[in-house]
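Note sheet for the following structure.
Residue numbers (our numbering): 76 to 440.
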């Protein structure tokens with residue numbers, strides 16, 4: 076059986092969340108434990124939490140159903156009493172794509188910051204937008220800085236993370252990382268996950284994106300912090316009973332698929348080069364497994380793009396193109412034909428957006 080036949084997502088460029096469990100992951104389910112993870116009695120879940128915590132160099136881990144949950148309860152566990160605020164990149168998933176969770180679940184103000192370098196937040200960006208807890212009753216003080224690595228496929232340099240971390244410690248500000256795709260950054264740079272995570276008070280590490288697990292994300296941090304986060308997990312309906320089947324598949328995903336992530340980056344780099352060679356500007360560098368076209372310069376009608384994509388048997392959405400270890404080379408070639416035809420159409424019929432650009436939005440949705 077070929078990879079194209081085995082993986083139904085081989086032509087899926089909307090997101091790396093479309094990855095599917097491999098045969099070995101599915102077979103592993105038959106050996107999974109079936110204890111109650113809410114009572115902390117499921118061994119496979121406990122083993123996975125310990126495994127990822129060790130990879131990250133943290134005391135403890137907490138298995139959650141999604142990256143949204145691990146982010147939201149992680150940030151909530153850092154916050155004590157409003158008014159308070161969280162500072163993050165304006166593109167940050169915790170701010171832009173988690174259904175207003177910070178306002179609803181943490182009662183937090185958010186300071187969304189546009190990186191001055193156009194790529195990632197720097198210490199200067201953080202300091203310039205920081206609100207101190209200095210007694211000014213008109214303002215909600217900054218209590219947490221939340222970074223994302225990668226963000227839009229861009230790798231945040233370790234040196235910049237270290238600078239921000241040192242400043243946060245000096246100013247009694249907690250530092251959280253949405254590391255949904257930190258696996259990709261680590262695979263590409265060769266820097267261990269633990270070396271990235273050492274600078275953060277908490278980290279969310281997603282298992283269901285590039286790694287291919289069907290469900291799951293692990294929140295890691297100090298043991299007492301994780302215990303408090305577990306309280307919020309339960310409050311938000313995140314308790315899973317027989318989680319062992321999911322945990323066993325996720326553990327296999329880490330062992331077998333982490334080493335395949337660089338291949339996805341190579342496919343993305345090839346596609347990015349193709350786009351640039353044909354006059355399509357990128358929003359930023361394709362450091363890992365994502366390519367973003369600049370919608371201000373490349374005015375492709377998303378509906379036209381989807382129509383052409385369907386004809387070429389590829390699945391796309393907007394200006395973002397995701398690659399993963401189950402992407403086939405044949406699909407990449409079809410994607411190139413698709414984007415070139417859509418771009419040539421846009422030169423005569425430039426698309427004018429009628430509202431904010433939304434990554435996950437289509438008229439059908």
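Where a beta carbon is used, it is the ideal one built from N, C-alpha and C, also for glycine.
Return helix, strand or coil for residue i, following the three-state DSSP convention.
{"i": "residue 319", "result": "helix"}
{"i": "residue 290", "result": "coil"}
{"i": "residue 60", "result": "Here the chain covers residues 76 to 440 and nothing more, so residue 60 does not appear."}
{"i": "residue 152", "result": "helix"}
{"i": "residue 356", "result": "coil"}
{"i": "residue 200", "result": "helix"}
{"i": "residue 174", "result": "coil"}
{"i": "residue 229", "result": "strand"}
{"i": "residue 441", "result": "Any answer about residue 441 is impossible in this case: the structure gives the chain only from 76 up to 440."}
{"i": "residue 440", "result": "Residue placement at residue 440 is flagged as unreliable, the pLDDT there being 38, under the threshold of 50; a coordinate-derived value is accordingly withheld."}
{"i": "residue 127", "result": "helix"}
{"i": "residue 327", "result": "helix"}
{"i": "residue 295", "result": "strand"}
So the beta strand (DSSP E) residue i belongs to, where does it begin and stop?
{"i": "residue 166", "result": "First-last for residue 166: undefined, no H or E at that position."}
{"i": "residue 187", "result": "184-188"}
{"i": "residue 113", "result": "Neither: residue 113 is in no beta strand (DSSP E) and is coded neither H nor E."}
{"i": "residue 91", "result": "Careful: residue 91 lies outside any beta strand (DSSP E) and carries neither H nor E."}
{"i": "residue 363", "result": "Where residue 363 is concerned, there is no enclosing beta strand (DSSP E), given that its DSSP letter is neither H nor E."}
{"i": "residue 217", "result": "217-223"}
{"i": "residue 137", "result": "135-139"}
{"i": "residue 281", "result": "277-281"}
{"i": "residue 398", "result": "No beta strand (DSSP E) contains residue 398, which DSSP labels as neither H nor E."}
Between residue i and residue j, which are expected to be in contact by the criterion C-beta below 8 Å, what is the C-beta distance as a whole number of angstroms?
{"i": "residue 449", "j": "residue 248", "result": "Summary: the structure shown does not reach residue 449, with the chain confined to residues 76 through 440, and so no result is reported for it."}
{"i": "residue 104", "j": "residue 320", "result": "5 Å"}
{"i": "residue 296", "j": "residue 276", "result": "6 Å"}
{"i": "residue 406", "j": "residue 86", "result": "4 Å"}
{"i": "residue 286", "j": "residue 328", "result": "4 Å"}
{"i": "residue 142", "j": "residue 292", "result": "4 Å"}
{"i": "residue 365", "j": "residue 228", "result": "3 Å"}
{"i": "residue 298", "j": "residue 152", "result": "The Cβ separation is near 12 Å, so there is no contact."}
Decide if residue i is buried, meaning its Cβ has at least 16 other Cβ atoms within 10 Å, or exposed.
{"i": "residue 137", "result": "buried"}
{"i": "residue 212", "result": "exposed"}
{"i": "residue 315", "result": "buried"}
{"i": "residue 428", "result": "exposed"}
{"i": "residue 310", "result": "exposed"}
{"i": "residue 160", "result": "buried"}
{"i": "residue 89", "result": "buried"}
{"i": "residue 165", "result": "exposed"}
{"i": "residue 341", "result": "exposed"}
{"i": "residue 399", "result": "buried"}
{"i": "residue 102", "result": "exposed"}
How far does the alpha helix (DSSP H) with residue i in it extend, from its first residue to its last?
{"i": "residue 307", "result": "298-310"}
{"i": "residue 412", "result": "404-423"}
{"i": "residue 371", "result": "It is not in any alpha helix (DSSP H) - residue 371 carries neither H nor E in the DSSP assignment."}
{"i": "residue 252", "result": "Note, residue 252: premise wrong, no alpha helix (DSSP H); beta strand (DSSP E) at 249-253."}
{"i": "residue 97", "result": "Careful: residue 97 lies outside any alpha helix (DSSP H) and carries neither H nor E."}
{"i": "residue 259", "result": "257-264"}
{"i": "residue 268", "result": "268-272"}
Can you confirm whether the segment 316-333 touches the segment 96-112 when touching is taken to mean that 3 or more C-beta pairs between the two stretches lie within less than 8 Å?
Of all C-beta pairs linking the segment 96-112 to the segment 316-333, three or more are shorter than 8 Å, placing the two stretches in contact.
Taking 8 Å as the cut-off, does the segment 381-391 touch the segment 399-419 (at least 3 CB pairs, one atom from each stretch)?
As far as the Cβ criterion goes, the segment 399-419 touches the segment 381-391, which means the pair count is three or higher.
Stretch-stretch touch, CB-based, cutoff 8 Å, three pairs: the segment 107-115 with the segment 263-271
No: the two stretches stay apart, fewer than three of their Cβ pairs being nearer than 8 Å.
Below 8 Å, how does it come out for the segment 171-191 and the segment 114-124: are there three or more Cβ pairs, yes or no?
A contact between stretches requires three or more CB pairs, one per stretch, nearer than 8 Å, and the segment 171-191 fails this requirement with the segment 114-124.
How about the segment 172-180 and the segment 144-153: do they share at least three Cβ pairs that are nearer than 8 Å?
Contact between the segment 172-180 and the segment 144-153 is present, because at least three Cβ pairs lie under 8 Å.
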